[in-house]
Amino acid sequence: MSWMNDLYVIYQKLDANSCEAVKNDILKAQIDGCNRGEIYFLVLQQLVQIKRTKASVYELIKGEVDSFIHYSTSPYRLSA
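Counting from 1 along the sequence shown, just add 82 to a position and that's the residue number in my numbering.
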């Protein structure tokens, strides 16, 4: 599974749980990126912030966030 698939599932779960503000923050980070690597990094920053500061939201998307974060351990996977 690619990090883009994880991100798609994150958006679905946030929509289903009325977490519009959090979703918008992540979308803004995604839109601000110029290429896949930069998009990944900007979204990663948002997800780490959610993990640290919004425990209830993080619990909804924990599996996908952890999978998304795992991609950063291998830079070759970012282009997949």
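C-beta atoms are modelled at their ideal positions from N, C-alpha and C, and glycine is treated no differently. Quick caveat: nothing in here was measured; it's all calculated off a predicted structure.
Distances from the alpha-carbon of Gln131 to those of Ser84, Thr155, Asp148, Lys95 put Asp148 closest. In the structure shown, Gly145 falls within a helical segment according to DSSP collapsed to helix, strand and coil.
In the structure shown, Gly119 falls within a helical segment according to DSSP collapsed to helix, strand and coil. Here the region 115 to 124 does not lie against the region 132 to 139, with fewer than 3 beta-carbon pairs under 8 Å apart. Gln128 and Ile143 have their C-alpha atoms spaced approximately 13 Å apart.
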